[in-house]
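Have a look at the structure below, then the notes.
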Amino acid sequence: MYPILIIKTAALGDVLRTTSILPGLHEAHPASEITWLVAEGAEDLVRLQPLVDRVVTVDLDSPEGLTRVMVELGRTSWKWIISLDEEESLCRLASSLATERLTGACLETGEDGSERAGYTLDSAAWFDMGLTSRLGKEEADRLKRGNSQSHATIFSEMLGINEDQPSLRIPGAAFEAAQIWGTRHGLDGSVTTIGINTGAGGRWKTKGLGEGRTTELIEFLHRELEGEVKFVLLGGPAEAERNRRIMAAFGEDSDSEAIVLDAGTDNDQLTFAAFVDRCDLLITSDSLAMHMAIARSISLVAFFAPTSAVEIDVYGLGEKVISTADDYCSYRPDADNSTITVERLGRAALRTLP
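So the sequence shown is numbered by numbering that gives the first Met the number 0: it starts at 0 and just counts up by one.
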């Protein structure tokens, strides 16, 4: 037995893309038994993974919850702890557990004797670009902008394993819910189905595509495909009002002939993934939906302005449309995304369609 603990709790897209390391870990250590620590609300992204033996959840805002998890995980003598979250509380957790090998985020002791979040030397390729970089924020940002390797490549080299693709298992009940919805709306495979997921949540406004450009993109593709297409509008709770306004542009009182179907914004994660899985192509921001499409091998066009496109490997599934503005990959919430045009997105979509 070779017990491995992965500490990767959030954000949701980061949890999902980290599943790329699972095949390589099992290949390198066939006797491995993998436990994955995730934040409450993220467990569905890993609980059905056949290469994960146990999923432990934690309320990151609860000191009592962190203590409980520390006790629970402390019952195992780990062979390898892979610690991928920079929060000090999780660094403390990783450093407190007995293990033969620790890779990633941990506590460090400063020259003044104080403890702070740090990382092991073998994980510097990733964490040198992060919030806890020993090199300082300016150099970390420069390294991130100059990085030429994907997340999966960096992690496989960091861990000394073969690189693989993220994956996501979807249960039958979620597939059935998406199937029933699709049948009700005539998604019978007779025309192309394009998913539209252009929102961005709340952190980076310009990570997404504006409502105006989204409606123009739908109209562009409707014309180019001569109406032989249906669009599925996707999003989460943060996009509820936004998606409602977009849907209004294609309602009965509009002049548009495009067929746009509202998948809702209150689906659980795996039902949402099943909606993504029904699409022939997904046009998406750098978001959970993008990572789901990659994990499910769905054709996609993903666009990037404030965040790094290089980190994302689409594994030959489609194209990346990247901002040409000076502040690309600046991680600024107001980064210029004006060069992510309808023409660029639409042409990429037409090239990518199966």
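Beta carbons: idealized from backbone N, C-alpha and C, even for Gly.
Exposure of G235, with buried meaning 16 or more beta-carbon neighbours within 10 Å: Mapped onto the sequence shown, residue 235 falls at position 236. It counts as buried.
Between the region 149-164 and the region 236-247, do three or more beta carbon pairs fall short of 8 Å? no
Are the Cβ atoms of L50 and W77 separated by less than 8 Å? Taking the first residue of the sequence shown as position 1, residue 50 is located at position 51. Taking the first residue of the sequence shown as position 1, residue 77 is located at position 78. No. Outside cutoff.
Beta-carbon separation of V57 and T8 under 8 Å? Counting from one through the sequence shown, the residue named residue 57 turns up at place 58. Counting from one through the sequence shown, the residue named residue 8 turns up at place 9. Their beta carbons are under 8 Å apart, which means V57 touches T8 by this criterion.
Can you tell me the Cα-Cα spacing of A151 and A272, whole angstroms? Translated into the one-based positions of the sequence shown, residue 151 becomes position 152. Translated into the one-based positions of the sequence shown, residue 272 becomes position 273. Looking at the two C-alpha atoms, the distance is approximately 21 Å.
Suppose you measure from the CA of E107 to the CA of S286; what does that come to, to the nearest Å? Indexing the sequence shown from 1 puts residue 107 at position 108. Indexing the sequence shown from 1 puts residue 286 at position 287. In a straight line, the C-alpha of E107 is about 32 Å away from that of S286.
What does the alpha-carbon distance come out to for the pair N196 and T66? Residue 196 sits at position 197 when you count from the first residue of the sequence shown. Residue 66 sits at position 67 when you count from the first residue of the sequence shown. Cα to Cα, N196 sits roughly 38 Å from T66.
If you draw a straight line from the alpha carbon of L316 to that of R350, how long is it in whole angstroms? The sequence position of residue 316 within the sequence shown is 317, counting from 1. The sequence position of residue 350 within the sequence shown is 351, counting from 1. Distance between the alpha carbons of L316 and R350 is about 11 Å.
Compute the beta-carbon to beta-carbon distance between M0 and A38, rounded to the nearest angstrom, for a pair I have assumed lies under 8 Å. Position 1 of the sequence shown, counted from the first residue, corresponds to residue 0. Position 39 of the sequence shown, counted from the first residue, corresponds to residue 38. At roughly 27 Å, the Cβ-Cβ gap does not stay under 8 Å, so M0 and A38 are not in contact.
For A288 and L260, the rounded distance between their alpha carbons: Start at 1 with the first residue of the sequence shown, and residue 260 comes out as number 261. Start at 1 with the first residue of the sequence shown, and residue 288 comes out as number 289. When rounded, the distance between both Cα atoms is 17 Å.
Should I179 and D279 be called a contact, given that it needs their Cβ atoms to be closer than 8 Å? In the sequence shown, counting from the first residue as 1, residue 179 sits at position 180. In the sequence shown, counting from the first residue as 1, residue 279 sits at position 280. No, the Cβ-Cβ distance between I179 and D279 is not below 8 Å.
So for K229, helix, strand or coil by DSSP? Residue 229 sits at position 230 when you count from the first residue of the sequence shown. For K229, the three-state secondary structure derived from DSSP is strand.
Taking 6 Å as the limit between beta carbons, can you name the residues of its chain near G200, skipping five residues before and five after? As a first step, residue 200 is located in the sequence shown; it is residue number 201 there, counting from the start. If we look at G200 and ignore the five residues flanking it on each side, its Cβ neighbours are A237.
Find out if the Cβ-Cβ distance for the pair V228, V190 is shorter than 8 Å. Locating residue 228 in the sequence shown gives position 229, counting from the first residue. Locating residue 190 in the sequence shown gives position 191, counting from the first residue. Yes. Within cutoff.
Residue ranges of each alpha helix (DSSP H) within the region 231-286, 4 or longer: Counting only runs of at least 4 residues, the region 231-286 fully encloses the following alpha helix (DSSP H) elements, listed from N- to C-terminal order: 239-247 and 268-276.
Taking just the CA atoms, how far does A308 sit from V275? Working through the sequence shown from its first residue, we reach residue 275 at position 276. Working through the sequence shown from its first residue, we reach residue 308 at position 309. Roughly 21 Å between the two C-alpha positions.
Counting beta carbon pairs with one atom in the region 291-310 and one in the region 320-333, are three or more of them shorter than 8 Å? The region 291-310 and the region 320-333 touch, with three or more beta-carbon pairs separated by less than 8 Å.
Runs of beta strand (DSSP E) lying entirely within the region 78-115, each at least 3 residues, in chain order: 79-82 and 101-108
Contacting residues, own chain, Cβ-Cβ under 6 Å from L186 (five flanking each side not counted): Here residue 186 refers to the residue found at position 187 of the sequence shown. Here the set comprises T192.
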